[in-house]
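Q: What the sequence shown shows, in my numbering, is residues 38 to 217, in sequence order.
Using N, Cα and C, we set each Cβ at its ideal position, and we do this for glycine too.
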Amino acid sequence: MEKWESPVEKAIREAQERGEFDNLPGSGRPLHLGDPERDDPDWWVKRFAEREHLDLSGAMSPAMGLRKEAASYPESLLDLRSEASVRAVLEDYNRRVKLDRLRPGVGASYPIWAPLVDVDDLVQRWWVARETARADREREAAARAASIAAASATDRHHRHLPRWIRGLKGAGRRRDAMSD
Numbered sequence: 038m039e040k041w042e043s044p045v046e047k048a049i050r051e052a053q054e055r056g057e058f059d060n061l062p063g064s065g066r067p068l069h070l071g072d073p074e075r076d077d078p079d080w081w082v083k084r085f086a087e088r089e090h091l092d093l094s095g096a097m098s099p100a101m102g103l104r105k106e107a108a109s110y111p112e113s114l115l116d117l118r119s120e121a122s123v124r125a126v127l128e129d130y131n132r133r134v135k136l137d138r139l140r141p142g143v144g145a146s147y148p149i150w151a152p153l154v155d156v157d158d159l160v161q162r163w164w165v166a167r168e169t170a171r172a173d174r175e176r177e178a179a180a181r182a183a184s185i186a187a188a189s190a191t192d193r194h195h196r197h198l199p200r201w202i203r204g205l206k207g208a209g210r211r212r213d214a215m216s217d
């Protein structure tokens, strides 16, 4: 006795047999259906935006955009060169927050406000983050210089060997390459 198959299941089975689902984007990768530990009703929107590299900042309310901007401080300020420019950016942010608070609320819900930032506190945090980033760059540069020095010391040692020994070392590499 044959098992009953709905028209939809039959169409899917026939398409699979024809290979119409082969080589689709994302084929063979697991589905990410959200984080069950965190009950976020918008997980699929966030996942879609991440997968498609979409910038959803234009879809946010102004207050939410300002909150997101405030959350990025002081790391987003590291490219600024002077304390005056950092203060100017932070004071402009506070000005925009105050202007947003003057806007009339829409609907019956409680309005969302972005927080004002403490300019002096963020300037201090910017100085600390800037010094930390500078120290990290110096450490990386010192490590690169040490590896370059070690490589050049090896080259210097190799140059002081007699020519016939250097030729043997090169011949071994050529012989290995020929045998492949």
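Alpha carbon to alpha carbon, what distance is there between leucine 114 and alanine 170?
A: Taking the sequence shown and counting its residues from 1, the one referred to as residue 170 is at position 133. Taking the sequence shown and counting its residues from 1, the one referred to as residue 114 is at position 77. Taking the straight line joining both Cα atoms gives about 12 Å.
Q: Answer yes or no: do valine 154 and leucine 136 have a C-beta to C-beta separation smaller than 8 Å?
A: Locating residue 154 in the sequence shown gives position 117, counting from the first residue. Locating residue 136 in the sequence shown gives position 99, counting from the first residue. Contact flag unset, no.
Q: Alpha carbon to alpha carbon, how far is leucine 254 from valine 165?
A: Residue 254 lies beyond the range of the chain shown here (38 to 217); nothing can be said about it.
Q: Tell me which residues share the same chain as alanine 180 and place their Cβ nearer than 8 Å to its Cβ, disregarding the 5 neighbours each side in the sequence.
A: Position 143 of the sequence shown holds residue 180. Nothing meets the Cβ criterion.
Q: I need the DSSP call for isoleucine 149, collapsed to helix, strand or coil.
A: As a position in the sequence shown, residue 149 is number 112, starting the count at 1. Here isoleucine 149 sits in coil by DSSP.
Q: Given a cut-off of 8 Å, decide if glutamate 106 and valine 160 are closer than it, judged by their beta-carbon atoms.
A: Translated into positions along the sequence shown, residue 160 becomes position 123. Translated into positions along the sequence shown, residue 106 becomes position 69. The beta carbons of valine 160 and glutamate 106 sit no closer together than 8 Å.
Q: Just the Cα atoms here: how many angstroms apart are arginine 140 and valine 156?
A: Here the question's residue 140 lines up with position 103 in the sequence shown. Here the question's residue 156 lines up with position 119 in the sequence shown. Their Cα atoms are separated by approximately 23 Å.
Q: On a Cα-Cα basis, can you pick out the residue from Ile149, Ser109, Ala178 and Asp129 that is closest to tryptophan 163?
A: For this step, residue 163 is matched to residue 126 along the sequence shown. The option with the nearest alpha carbon to tryptophan 163 is Ser109.
Q: If you measure between the beta carbons of leucine 103 and alanine 178, is that distance less than 8 Å?
A: Position 66 of the sequence shown holds residue 103. Position 141 of the sequence shown holds residue 178. Note that the C-beta distance between leucine 103 and alanine 178 is not below 8 Å.
Q: When the Cα atoms are used, what is the spatial distance from arginine 118 to tryptophan 80?
A: For the purposes of this step, residue 118 is taken as residue 81 along the sequence shown, with counting starting at 1. For the purposes of this step, residue 80 is taken as residue 43 along the sequence shown, with counting starting at 1. Distance between the alpha carbons of arginine 118 and tryptophan 80: 37 Å.
Q: Under the rule that 16 or more other beta-carbon atoms within 10 Å means buried, what is alanine 52, buried or exposed?
A: Numbered from 1 along the sequence shown, position 15 holds the residue referred to as residue 52. Classification for alanine 52: exposed.
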